[in-house]
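Student: First to last, the protein sequences are chains E and H.
Mind the numbering: the first sequence is residues 2 to 303 in this note's numbering, read in order.
Mind the numbering: the second sequence is residues 21 to 491 in this note's numbering, read in order.
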Amino acid sequence: MSAGQTLFLACVDSAYALAVPLAAVLYFRKVRIPRPPVGTFNSRDIVVMMGFVLAIPFLYLALPGAALPVVLGLVFAGGLTVGYQPVVARGLLRWSAILTLLAADVTTRLLLGWDSPVYWLANSCVVGLMVISATNLNVQGGMRLRNVAWFVLLLGVYDLTFATVLPLSQELADAVQGYPFAPSAGLRVGGLGAVIGMGDLLAYSLYTTAAYKAYGRAGLRTALPLVVVFGALVPAVAPPVVDWLTGHTPSLIPAQVCFAPAAFIGFLVLRRRGPERRMRDYLARADARPAPGLVAAVEPAA
Amino acid sequence: MLEAGIRQVRVALAMVLGRPINPRLVERLIEDALATIEEFGSPGDDVEQLIDGPFADPAERRDLQTRALQRTARRLARRSVFYRERFEAAGVEPGALTPDSLRNVPVTRKADLVARPHDFICGEPQIVTQTTGTTGAPARVWLSRYEIELWPALIALSLVLRGEARPGDCMQINISSRATAAVQEDIEVFRLLGAATRVVGQVPPDESLDHLLDTGGVTPTLLSAYPSYVAQMVSAARRRGLGPADFRLRGVFLGGEVLSPSLAQAVRETFGVDQVGDAYGMTELLPVGGRICRQRHLHMDPNMGYAEVVDLETGEPAEPGRLGTLTVTPYFPYRECMPVFRYDTRDVVRALPERLDCELAGVPAVSQVLGKAGRLLDTAAGLVAPRDIVEALDELPGTEWPVRHRAQVTDGKLHVTVVSEHASPVDVTERLGARGIDAVAEVVRLGPDEARALCPLRCDLEEKTFVGGAA
């Protein structure tokens, strides 16, 4: 891997790792998602989420090539309409925007090819919006930083296992690359390419938003540097460093292997500030009890 | 969150399909509700639909009611000797009943329950409870283990979602210890909510006040009593110079008798509570109950039973504005062991239009209970309801609650005798006149035993203790 490629990867991944979580926090501050009468996120939901994480790669690999984009497209359309209903209340307008976005993804892929920067930007836009929606469904649904920290730790173990013991991660990455609605964000310019998985972006967004909900600005100040450094920079520079140290270039450094321990330590450090704020504390400090939909955000005290 | 969603769907399906509801499932939903409130401070959106059911749409309501009535009737025809005979005698096909054809089934009266209790049994009896007997011979109602477990769970879920009770609360129970089901139910409800109970019973009111003031253990934050008993507590508290600052009460739940606005206000002022609940319930109708809205309509729970008003004169369903007796059919799977069908409570209410504009407009309603049918006063000027007299007399200046009175009609004229130390006959006629009631008033001074004999109230089901003697 050339120095230019490493630099490109580090810059692009850092940009996504910074932009998507920040956008998720902004959404968290500005928008209230309607919630069911009864139900809040708990530790058993982590088990369910991990079940999905375990099952989805096999589903991806099992699906015939043409079916995968269709399934992903339907999932994205459903996720986007749930997440953005409070933002664009009018169904026709919302669905028009979603379908336009999805059509742009498919069209740019078919017309311009999988290595077109325009396709990558369109696909990244879809993936980013989806991650912001999923993050807020969970965090506004009661997911706590403790839940996220454990989830990310389990993801780290999972990634390490599937990158080394059962080398499925690379196979999966290869399988979904270049399809419309590929579950990853990235950019290709000339011979340079950078990709960051949707799962990784979701982990970073969940961690950042949950940290903000739990500890306000202090949580954000802790989470964002951890995300950028251990979620984007370290995985980007790790291959050349390993190559320099061992003479062998690893084909894949799973980001969660780097991020998970740092995120968990970050959680332990933040926890020393006191118990996590609940949604009710956050809303009370925001001095508003927002109805579903867009709200005027007031910065809660850290 | 996912589990809670699945549990809600499972409970909703059981309700819609009329299958027995697993009490454990409802108990887990209570835990989910408590966790939700812990996280968010309140339940989520559309909580009213979860509590009151999808009854805002009349067509949907009618469909659900028809299916529930048919399901309940079919089961009774199979399992209840009394109703098998009754349906056959009436020539009614239980599986084809509708709210319109329901009138073909004769109403069930308390006398039927008292005379043939065993012929009503449809399940495995576990515990018996009985009515207080204030309106005649007490009726015994057997409950199954399923009912004993399910009802408190459903009530606890409703209480927590409405914000009427929460963990850390302590309910002081001042209802008669003979109301076994209600007492047992309250204890279980508060256990499920992680709250405490003080079962005090109808001891001398001063002792109940001592319990309210007791800071050892958990001090009561909620109180459950009959209106006449809480009236005695109000009077005792005022005699002792106690006021809102002395109590930690947050809510008072009353039922079983007429609660006048004056007494409700006195309860608020004396105990410093905002919430004075006036619930409608009856042992024979369990678990069906009713709530009073701010416009003082009685909204019967449509999830658990079918309520109708049977016209006092025609015996047919009453048109809006007409007086009739409240007749209720608790549905299976909520009532299982000793169910009743078209139970005539003899409580007189006024039928109301279907469309109302109160905060509970989505739930069918009738007027507040005006009194027992046998106690309506037929004067030359028209019918006078016991509620009107109680509400007027509770407004008497300087009155000590509960106000005891006797009302009777002689030669078409209403005569009201009131026990009072301070009020005059003029005060009484003025208060009644303000409500359009023309009456001859008499004020008498009687000792406690004579006053009880003149006008027995539920507070007279008093329980003796040694505390007074020891003091």
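A virtual CB, placed ideally from N, CA and C, is assigned to each residue, including glycine.
These numbers were taken from a predicted model, which means no experiment stands behind them.
Does DSSP put R91 (chain H) in a helix, in a strand, or in coil?
Tutor: Stepping through the second sequence from its first residue, residue 91 (chain H) is reached at position 71. Three-state result, R91 (chain H): helix.
Student: Is the Cβ-Cβ distance between N194 (chain H) and Q222 (chain H) less than 8 angstroms?
Tutor: Within the second sequence, the letter at position 174 stands for residue 194 (chain H). Within the second sequence, the letter at position 202 stands for residue 222 (chain H). A contact, by the Cβ cut-off of 8 angstroms.
Student: Quick one: which residues of the stretch 6–17 of chain E get their C-beta closer than 7 angstroms to a C-beta of chain H? List them in chain order.
Tutor: If the cut-off is 7 angstroms between Cβ atoms, the stretch 6–17 of chain E has nothing near chain H.
Student: Is it right to say T223 (chain E) is buried, meaning 16 or more other beta carbons lie within 10 angstroms of its own, or is it exposed?
Tutor: Within the first sequence, numbered from 1, the residue matching residue 223 (chain E) stands at position 222. Per the 10 Å Cβ criterion, buried.
Student: Could you compute how far the alpha carbon of F210 (chain H) sits from the alpha carbon of R186 (chain H)?
Tutor: Along the second sequence, read from residue 1 onward, the residue named residue 210 (chain H) stands at position 190. Along the second sequence, read from residue 1 onward, the residue named residue 186 (chain H) stands at position 166. Going by the C-alpha atoms only, they are around 9 angstroms apart.
Student: Report buried or exposed for I266 (chain E), applying the criterion of at least 16 other Cβ atoms within 10 angstroms of its Cβ.
Tutor: Within the first sequence, numbered from 1, the residue matching residue 266 (chain E) stands at position 265. Exposed: under 16 other Cβ atoms inside 10 Å.
Student: Buried or exposed: where does E300 (chain E) fall if 16 or more other Cβ atoms within 10 Å of its Cβ makes it buried?
Tutor: Here residue 300 (chain E) corresponds to residue number 299 of the first sequence, with the count starting at 1. Note that E300 (chain E) has pLDDT 40, beneath the 50 cutoff, so the model's placement of it is unreliable and no number is given.
Student: Answer yes or no: does any C-beta atom of chain E fall closer than 8 angstroms to that of A24 (chain H)?
Tutor: Indexing the second sequence from 1 puts residue 24 (chain H) at position 4. So, interface residue.
Student: Since R311 (chain H) sits in a beta bridge, which residues does DSSP pair it with?
Tutor: Taking the second sequence and counting its residues from 1, the one referred to as residue 311 (chain H) is at position 291. In DSSP, R311 (chain H) forms a bridge with H:H319.
Student: Please classify H425 (chain H) as buried or exposed, where buried requires at least 16 other C-beta atoms within 10 Å of its C-beta.
Tutor: Your numbering for residue 425 (chain H) matches position 405 in the second sequence. Counting Cβ neighbours within 10 Å, H425 (chain H) comes out buried, since at least 16 surround it.
Student: Taking buried to mean at least 16 other C-beta atoms within 10 Å of its own C-beta, is L81 (chain E) buried or exposed?
Tutor: As a first step, residue 81 (chain E) is located in the first sequence; it is residue number 80 there, counting from the start. Buried: at least 16 other Cβ atoms inside 10 Å.
Student: Check each residue of the stretch 375–402 of chain H: if its Cβ is closer than 8 angstroms to any Cβ of chain E, include it; give the result in chain order.
Tutor: Those would be none; no residue qualifies.
Student: Return the residue from the list E:C12, E:L55, E:L269 that minimises the CA-CA distance to L156 (chain E).
Tutor: Locating residue 156 (chain E) in the first sequence gives position 155, counting from the first residue. With distances taken between Cα atoms, L156 (chain E) lies closest to E:L55.
Student: Excluding the 5 residues preceding and the 5 following T128 (chain H) in the sequence, name in chain order all residues of the same chain whose CB lies nearer than 7 angstroms to its CB.
Tutor: Looking up residue 128 (chain H) in the second sequence gives position 108. These residues qualify, in order along the chain: V360, F361, R362, Y363, D364.
Student: Is it true that the CB of A371 (chain H) sits closer than 8 angstroms to the CB of V386 (chain H)?
Tutor: For the purposes of this step, residue 386 (chain H) is taken as the residue at position 366 of the second sequence. For the purposes of this step, residue 371 (chain H) is taken as the residue at position 351 of the second sequence. Going by C-beta atoms, V386 (chain H) is nearer than 8 angstroms to A371 (chain H).
Student: Can you tell which of H:L174, H:P225, H:V125, H:R106 has the C-alpha that lies nearest to the C-alpha of L28 (chain H)?
Tutor: For the purposes of this step, residue 28 (chain H) is taken as the residue at position 8 of the second sequence. In the sequence on display, residue 28 (chain H) carries Gln and not Leu. Among H:L174, H:P225, H:V125, H:R106, the Cα nearest to that of Q28 (chain H) is on H:L174.
Student: Kindly indicate which residue of E:A256, E:K214, E:F231, E:S185 has the alpha-carbon position closest to the one of R304 (chain E).
Tutor: Since the first and last residues shown for chain E are 2 and 303, residue 304 (chain E) lies out of range.
Student: In angstroms, rounded to a whole number, what distance separates the CA positions of Q295 (chain H) and V67 (chain H)?
Tutor: Taking the first residue of the second sequence as 1, we reach residue 295 (chain H) at position 275. Taking the first residue of the second sequence as 1, we reach residue 67 (chain H) at position 47. Between Q295 (chain H) and V67 (chain H), the C-alpha separation is close to 20 angstroms.
Student: By the 9 angstroms beta-carbon criterion, what residues does the stretch 53–83 of chain H contribute toward chain E?
Tutor: The residues in question are A53, A55, T56, I57, E58, E59, F60, G61, S62, P63, G64, D65, D66, V67, E68, Q69, L70, I71.
Student: Any beta carbon of chain H sitting closer than 8 angstroms to that of N43 (chain E)?
Tutor: On the first sequence, position 42 is the one that residue 43 (chain E) refers to. For N43 (chain E), the answer is yes, since a Cβ of chain H falls inside 8 angstroms of its Cβ.
Student: So, is the C-beta of M507 (chain H) closer than 8 angstroms to a C-beta in chain E?
Tutor: Because residue 507 (chain H) is not part of the residues shown, which for chain H are 21 to 491, the question remains open.
Student: Between the Cα of I284 (chain H) and those of H:R268, H:A251, H:Q315, H:G263, spot the shortest distance and give me the residue it belongs to.
Tutor: On the second sequence, residue 284 (chain H) is found 264 positions in, with the first residue counted as 1. A small correction: the amino acid at residue 284 (chain H) is Ala; Ile does not occupy that position in the sequence shown. Looking at the Cα atoms, H:A251 is the closest of the given residues.
Student: Can you pull out the residues from the stretch 129–149 of chain E whose beta carbon lies closer than 8 angstroms to at least one beta carbon of chain H?
Tutor: Taking 8 angstroms as the Cβ-Cβ cut-off against chain H, the residues of the stretch 129–149 of chain E that qualify are G142, G143.
Student: Is the separation between the beta-carbon of V32 (chain E) and that of V88 (chain E) shorter than 8 angstroms?
Tutor: Residue 32 (chain E) sits at position 31 when you count from the first residue of the first sequence. Residue 88 (chain E) sits at position 87 when you count from the first residue of the first sequence. Taking 8 angstroms as the Cβ cut-off, V32 (chain E) and V88 (chain E) qualify as a contacting pair.
Student: Report the start-end ranges of each alpha helix (DSSP H) in the stretch 205–234 of chain H that is 4 residues or longer and not cut off at the edges.
Tutor: List check, alpha helix (DSSP H) in window: 225–233.
Student: Nearest-angstrom Cα distance between P350 (chain H) and Q90 (chain H)?
Tutor: On the second sequence, position 330 is the one that residue 350 (chain H) refers to. On the second sequence, position 70 is the one that residue 90 (chain H) refers to. If I take the Cα positions, the gap works out to 12 angstroms.
Student: Extract the residue ranges of the alpha helix (DSSP H) inside the stretch 213–249 of chain E, only unbroken runs of 4 or more that lie entirely within it.
Tutor: Listed in chain order, the complete alpha helix (DSSP H) runs (minimum 4 residues) inside the stretch 213–249 of chain E are 235–247.
Student: Using the beta-carbon of each residue, which ones in chain H are nearer than 8 angstroms to V83 (chain E)?
Tutor: By 1-based counting over the first sequence, the position of residue 83 (chain E) is 82. The contacting residues do not exist; V83 (chain E) stays about 14 angstroms from chain H at best.
Student: For chain E, is any of its Cβ atoms less than 8 angstroms away from the one on L49 (chain H)?
Tutor: The residue given as residue 49 (chain H) occupies position 29 in the second sequence. So yes, L49 (chain H) belongs to the interface.
Student: Please list the residues of the stretch 271–282 of chain E that have a C-beta atom closer than 9 angstroms to any C-beta atom in chain H, keeping them in chain order.
Tutor: So the close ones are R279, M280, R281, D282.
Student: Consult DSSP for T151 (chain H) and reduce its assignment to one of helix, strand or coil.
Tutor: Sequence index remark: in the second sequence, residue 151 (chain H) carries index 131 (1-based). Residue state, collapsed to three classes: coil.
Student: Whether or not the stretch 136–152 of chain E and the stretch 268–279 of chain E are in contact is what I'm after, with contact meaning three or more pairs of Cβ atoms, one per stretch, closer than 8 angstroms; do they touch?
Tutor: The stretch 268–279 of chain E vs the stretch 136–152 of chain E: in contact.
Student: Locate the beta strand (DSSP E) running through P417 (chain H), then write down its first and last residues.
Tutor: By 1-based counting over the second sequence, the position of residue 417 (chain H) is 397. Run containing P417 (chain H): none; DSSP gives neither H nor E here.
Student: On the three-state DSSP scale, how would you describe T345 (chain H)?
Tutor: Sequence index remark: in the second sequence, residue 345 (chain H) carries index 325 (1-based). Reduced to three states, the DSSP call for T345 (chain H) is strand.
Student: Hey, A204 (chain E) and F260 (chain E) are a contact pair by Cβ (cut 8 angstroms); roughly how many whole angstroms apart?
Tutor: Here residue 204 (chain E) refers to the residue found at position 203 when the first sequence is read from its first residue. Here residue 260 (chain E) refers to the residue found at position 259 when the first sequence is read from its first residue. About 7 angstroms separates the two Cβ atoms, so the contact holds.
Student: To the nearest angstrom, report how far apart L380 (chain H) and G297 (chain H) are at their CA atoms.
Tutor: As a position in the second sequence, residue 380 (chain H) is number 360, starting the count at 1. As a position in the second sequence, residue 297 (chain H) is number 277, starting the count at 1. So the two alpha carbons sit approximately 15 angstroms from each other.
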